[in-house]
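Residue numbers (our numbering), protein chains in the order written: chain H, 8 to 392; chain U, 8 to 392.
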């Protein structure tokens with residue numbers, strides 16, 4: 008008997024989440040045992056609402072637009088599921104003849120995915136995870152789709168801002184990168200460098216306690232030497248006590264609103280060092296920008312979608328597609344299936360050997376690991392300054 | 008007798024200021040009467056310091072990199088010249104056998120350019136302006152190089168952020184565009200729309216006094232109707248009394264530091280309407296991003312550089328290269344030479360007929376005027392939501 012596929016997106020989107028969707032839909036079309044290819048329109052909440060759309064009849068030309076569409080073309084949600092919801096979902100799968108459930112998301116979504124897998128028990132419904140995160144904080148896998156493009160974005164953006172800083176000249180520019188607990192993306196700004204000494208001149212990661220005095224000392228020293236300093240900081244910097252370095256600006260109900268770390272630090276430079284400074288926060292653009300999509304990332308995202316469908320059809324369940332590097336000179340990755348309980352809610356932060364001693368830069372080892380993921384060299388610039 | 012060319016960049020850079028430099032250098036190479044092709048390394052201050060670099064021997068392959076290099080490859084400055092400096096400059100020109108002076112910049116630089124022209128008197132030194140501004144606030148000319156690319160950037164960025172807002176969903180997103188007094192760039196965000204009703208849903212320009220109560224009313228109404236609202240605001244919004252809508256956060260010496268308009272307004276939405284909101288400020292990326300360079304803009308920038316050199320060699324002086332539309336269905340522009348005193352320090356703001364009655368959007372007339380400048384359609388997206 009034929010069964011239906013259901014694809015669900017969870018959490019914040021990336022520049023290639025739709026590429027995985029493309030991979031999954033085009034792969035699912037190949038199998039005679041697949042009837043409908045449902046997308047949940049609006050994340051896991053859409054499962055409960057049975058808000059499904061069949062993408063089987065969507066033509067190849069239209070589907071290809073997924074490769075260049077930012078955000079999630081089928082929506083996503085941050086809806087908090089409750090225990091009872093999982094049982095309800097299994098009933099909905101059965102009612103809709105859904106035999107293959109593909110969950111695309113980050114740590115939170117993989118947790119959901121694992122819980123749905125458990126709830127499905129021996130129902131014959133196969134549940135497979137497709138990893139996705141700009142933060143690269145999913146465990147076990149070498150990296151996850153979405154990271155490479157966001158890394159390319161931050162590296163390219165820092166290299167462009169650095170040209171601007173050099174040419175005007177601006178004195179100090181503090182750029183804020185996404186990633187509240189894991190510094191992978193902040194670290195990736197190091198890929199902006201073509202030569203030793205190029206911007207970014209300082210990189211501060213959330214893995215290390217942030218010391219404002221040390222920071223000001225570092226900035227002052229480089230400013231005196233270079234005249235123009237580019238600093239990249241994580242949005243999630245915390246002090247020794249683990250408290251955010253930016254004080255909350257206001258609170259509404261239970262939600263606390265913080266100011267920008269980059270604004271806070273550039274103001275600090277102005278006030279304490281008397282050096283002109285400005286701050287930049289690329290924000291959502293950093294995860295949505297198709298112009299900076301990494302080709303490697305896009306291809307791996309498609310592959311992750313395909314691999315997940317294949318696994319589900321082959322009755323693999325409770326697994327997430329992961330990537331493993333094949334040793335050798337040239338960058339190559341193979342997909343692996345990782346038991347979902349190994350990744351559920353484990354947040355992977357930047358390991359110590361990727362951070363320098365002073366905690367204000369990354370190591371060459373990190374740069375070498377990261378380089379192939381951004382998909383080719385950044386644009387070459389010329390300067391007569 | 009042969010003479011030297013001097014090219015100077017002033018003010019903040021654009022994505023195509025180096026394209027004009029490319030046009031000027033490659034054009035100047037053609038003339039036997041041109042000896043050296045000097046670039047002032049660091050704006051008008053570099054003239055006084057005689058910090059010149061000859062670009063004549065730079066090969067075509069290297070020069071072509073100028074077309075994809077953001078910021079100013081020869082530097083720029085915001086140095087305030089004094090009356091005595093102009094006379095000193097003329098002496099420096101004579102001493103260095105500089106007969107052709109090309110000044111690339113915005114309103115402030117055109118003022119400098121005009122003053123240098125006057126100081127040169129009948130010395131036989133020809134001074135020609137090349138317009139450049141992301142703000143599009145230079146008078147007389149239809150538009151200026153730099154604007155088209157910045158317009159493409161803001162339109163593309165708003166269209167990408169809008170996908171993100173729709174898919175997550177985020178409730179209200181306030182995006183801040185550059186242009187303190189002139190709303191051209193903020194207005195260009197309207198080009199993000201493919202269909203009626205697409206984001207941006209509201210556009211607030213610095214040409215109209217900003218009323219916070221009306222703003223909250225507009226946002227509330229659209230939020231109730233759409234569930235996700237994208238608002239674009241100018242960084243320079245002022246209230247009825249002409250005061251910036253954001254209170255100053257601190258002052259150091261004579262410099263007053265303001266917070267972000269977009270952050271102020273998104274906080275206002277959270278506090279007053281109880282609706283979740285976030286803010287985005289693309290900042291420097293908006294003027295530096297080569298990925299969003301408009302082809303039309305780049306070609307016109309090259310043409311402006313070429314035309315300026317040609318004019319100077321033909322002993323035209325005290326003029327700025329401008330653009331004039333050739334009437335007809337298809338977009339075409341020709342260059343014209345505008346007497347520099349007609350543009351000196353006249354700041355051109357968005358005319359009334361480009362703004363709607365309520366002051367929260369642009370008119371179709373503006374969109375039609377602006378569309379050809381961004382250089383081709385934006386990427387097509389697909390959505391199943």
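Here a beta-carbon is modelled for each residue, glycine too, at the ideal position from N, C-alpha and C.
- Our two residues, residue 196 (chain U) and residue 161 (chain U), have alpha carbons roughly 5 Å apart in a direct line.
- Taking the Cβ atoms as the reference, residue 215 (chain U) lies roughly 6 Å from residue 362 (chain U), within the contact range of under 8 Å.
- Residue contact check for residue 340 (chain H) against chain U: no CB pair falls below 8 Å.
- Distance from residue 324 (chain U) to residue 135 (chain U) at the Cβ level is roughly 7 Å; contact confirmed, criterion being Cβ atoms closer than 8 Å.
- At a cut-off of 8 Å between C-beta atoms, residue 386 (chain H) counts as an interface residue with respect to chain U.
- The C-beta distance from residue 193 (chain U) to residue 329 (chain U) rounds to 23 Å, too long to fall under 8 Å, and the pair is not in contact.
- In this structure, residue 245 (chain U) places its C-beta atom within 8 Å of the C-beta atom of residue 217 (chain U).
- Neighbourhood of residue 170 (chain U) in chain H, by CB distance below 9 Å: 20, 76, 77, 78, 79, 80 and 295, in chain order.
- In the DSSP annotation of this structure, the continuous segment of the beta strand (DSSP E) that includes residue 344 (chain U) starts and ends at 340 to 346.
- In this structure, the straight-line span from the alpha carbon of residue 211 (chain H) to that of residue 378 (chain U) is close to 41 Å.
- Note that the segment 88 to 97 of chain U does not touch the segment 24 to 41 of chain U; fewer than 3 beta-carbon pairs, one per stretch, sit closer than 8 Å.
- Between residue 183 (chain H) and residue 267 (chain H), the gap from beta carbon to beta carbon is short of 8 Å.
- C-alpha of residue 73 (chain U) to C-alpha of residue 23 (chain H): approximately 31 Å in a straight line.
- Neighbours of residue 278 (chain H) across chain U, judged by C-beta separation under 8 Å: 257 and 259.
- Sequence-distant partners of residue 229 (chain U) (beyond 5 residues in either direction) whose C-beta falls short of 8 Å from its own C-beta, in its chain, are 208, 209 and 236.
- Residues 149 and 340 of the same chain have their beta carbon placed closer than 6 Å to that of residue 332 (chain H), with the five preceding and five following residues left out of the count.
- Under the three-state reduction of DSSP, residue 301 (chain H) is assigned to coil, being neither helix nor strand.
- Between residue 199 (chain H) and the set H:226, H:51, H:169 and H:190, the nearest pair of CA atoms involves H:169.
- Contact check for residue 81 (chain H) against residue 46 (chain H) passes: the beta carbons are separated by less than 8 Å.
- Residue 391 (chain U) belongs to the set of residues whose beta carbon lies under 8 Å from a beta carbon in chain H.
- Distance from the Cα of residue 219 (chain H) is smallest, within the candidate group H:253, H:19, H:202 and H:190, for H:253.
- In the DSSP assignment, residue 61 (chain U) forms a beta bridge with U:45.
- Judged by DSSP in its simplified three-state form, residue 184 (chain H) adopts strand.
- What residue 60 (chain H) touches in chain U, judged by beta-carbon distance under 8 Å, is 391, going in chain order.
- Closest option to residue 89 (chain U), judged by alpha-carbon separation, among U:112, U:52 and U:65: U:52.
- Taken atom to atom, the span from the alpha-carbon of residue 271 (chain H) to that of residue 264 (chain U) is near 12 Å.
- Using a Cβ-Cβ distance cut-off of 8 Å, the segment 349 to 366 of chain H and the segment 175 to 190 of chain H are in contact, since at least three pairs of beta carbons, one from each stretch, lie closer than that value.
- Chain order gives the chain H residues near residue 264 (chain U) as 274 and 277, where near means a beta carbon separation below 8 Å.
- For the segment 111 to 134 of chain H, no residue has a beta-carbon sitting nearer than 8 Å to a beta-carbon of chain U.
- For residue 288 (chain H), the CB contacts under 6 Å within the same chain, skipping 5 residues up- and downstream, are 183, 267 and 269 in chain order.
- Within chain H, the residues placing a beta-carbon under 9 Å from that of residue 48 (chain U) are 391 and 392, ordered along the chain.
- Taken through DSSP and simplified to helix, strand or coil, residue 379 (chain H) comes out as helix.
- Bridge pairing for residue 332 (chain H): H:340 [DSSP].
- With contacts defined as CB atoms closer than 8 Å, residue 154 (chain H) and residue 344 (chain H) fail to qualify as a contacting pair.
- Annotation: Cβ neighbours of residue 291 (chain H) in chain U (cutoff 7 Å, chain order): 168, 171 and 287.
- When DSSP assignments are scanned along the segment 145 to 211 of chain U, the uninterrupted stretches of alpha helix (DSSP H) that are 4 or more residues long and fall wholly within it turn out to be 154 to 174 and 191 to 195.
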